[in-house]
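Visitor: Heads up: take any position in the sequence shown, counting from 1, add 32, and you land on this note's numbering. Each residue gets a CB set at the ideal place from its N, CA and C atoms; glycine is no exception.
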Amino acid sequence: MTKRSDQVTDALKQMIAEHKLKPGDRLPQEKNLMETYGAAKGTVREALKALETQGLIATRTGPGGGAFVADVPPDRAMSLLANYFYFKPITIHDIYQLRIQLEPEMAASVVGRLTDEDFRRLQTTMTVYDVPPTNQAEEHALRLAELSFHEVLVDLCPNPILSFTCHFLLGLLKNLRLCHDIYDLPNPELWETGKYYQMQLIGALKRGNEAEVRRVMREHMERAEALMQQQETIILDGFLPAQST
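Shown next, in the form of structure tokens:
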């Protein structure tokens, strides 16, 4: 049987949606909520605490205080979601199976939407490609810079669900211990192909060719998966740990 506080929590969520409350809008006072939902003070407070834990509201004390609708930061939502996968044995294929399907569509969605400043942002992430890495630190920085290129496109994606999902996958690549170990290994081909495909993507985006953007991004993802899996095999067959952090 559903707890009374959980019922009130769900009712409050519905109320926020029905009244189209926005971040910063105040919820009714505690006494009003008790009367509206026929609930005890402790039940209402438990429901409000649940909403606060979920990041949907924020409470303030003192004059002008109360419960206010909060804007859930994407990083917080992704962090909570990442906890679900903390002890899952995620592989490179698991991640790229989705990237291969989603990133071509994500990239195509920004065609015709990019400004000169957006193109400058993309070009800036590529400056690290000017020279090949000469040590482990530069190798790792190069991998993160390659992901930054994709993060710029993700930020510009007009589909919030697609944007969030692609951003989450990039976060896994940046934070999984396995990926950290892969990025520390020398891989000249990964550097060369990353630079090649990103230049191809910028050209296709400037030409406004959605079909070409999809094709280039898909080829990029397929090649990146193959190269990453080669490094994954080296690590898993060796002595380096391959667990998420």
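CB F119 to CB L59, shorter than 8 Å?
Guide: Not in contact: F119 and L59 (Cβ atoms no closer than 8 Å).
Visitor: A90 bridges to which residues according to DSSP?
Guide: Bridge partners of A90: F100.
Visitor: Take the Cβ of Y116 as the centre, count every other Cβ of all protein chains shown within 10 Å, and call the residue buried at 16 or more, exposed below.
Guide: Classification of Y116: exposed, given that the 10 Å Cβ count is below 16.
Visitor: Who are R58's beta bridge partners in DSSP?
Guide: For R58, which the question treats as bridged, DSSP gives the partners F100.
Visitor: So what's C189 in DSSP terms, helix, strand or just coil?
Guide: Three-state DSSP puts C189 in coil, outside helix and strand.
Visitor: Given a cut-off of 8 Å on the beta-carbon distance, is the pair E171 and L210 in contact?
Guide: Not in contact: E171 and L210 (Cβ atoms no closer than 8 Å).
Visitor: Taking the alpha-carbon positions, what's the K73 to I89 distance?
Guide: Approximately 18 Å between the Cα atoms of the pair.
Visitor: For F119, report the span of its alpha helix (DSSP H) as first-last.
Guide: Careful: F119 lies outside any alpha helix (DSSP H) and carries neither H nor E.
Visitor: Which class does L146 belong to by DSSP, given the choice of helix, strand or coil?
Guide: Residue state, collapsed to three classes: coil.
Visitor: Identify whether H172 lies in helix, strand or coil by the three-state DSSP scheme.
Guide: It is helical.
Visitor: Go ahead and label L237 buried or exposed: buried means 16 or more other beta carbons lie within 10 angstroms of its beta carbon, across all protein chains shown.
Guide: By the neighbour-count rule (16 or more Cβ atoms within 10 Å), L237 is buried.
Visitor: For K35, name the three-state secondary structure that DSSP assigns.
Guide: In the structure shown, K35 sits in coil (DSSP, three-state: anything other than H, G, I, E or B).
Visitor: Can you give the Cα-Cα distance for S276 and N207, rounded to whole angstroms?
Guide: No answer about S276 holds up, because its pLDDT of 44 lies below 50 and its placement is not dependable.
Visitor: Determine whether the beta carbon atoms of V245 and L188 lie at a separation below 8 Å.
Guide: No.
Visitor: Under 8 Å by Cβ, that's how I've got I122 and M253 pegged, so tell me the actual separation to the nearest angstrom.
Guide: So it is not a contact: roughly 17 Å between Cβ atoms.
Visitor: For R108, tell me which candidate among T34, E78, G87 and P95 has the shortest Cα-Cα distance.
Guide: Cα-wise, what sits closest to R108 is G87.
Visitor: Give the DSSP-derived three-state secondary structure of H252 in the structure shown.
Guide: H252 falls in the helix class under three-state DSSP.
Visitor: In angstroms, rounded to a whole number, what distance separates the CA positions of Q261 and E178?
Guide: Each residue's Cα considered, the two are about 17 Å apart.
Visitor: Candidates Q232, R36 and E135: which alpha carbon is nearest L185's?
Guide: Looking at the Cα atoms, E135 is the closest of the given residues.
Visitor: With distances taken from CA atoms, which of P192, L202, I214 and A82 is nearest A169?
Guide: The shortest Cα separation from A169 among P192, L202, I214 and A82 belongs to I214.
Visitor: Is M158 helix, strand or coil by DSSP?
Guide: It is coil, neither helix nor strand.
Visitor: Starting from the Cα of A256, find the closest Cα among I234, I266 and N219 and give me that residue.
Guide: For A256, the nearest C-alpha among the options comes from N219.
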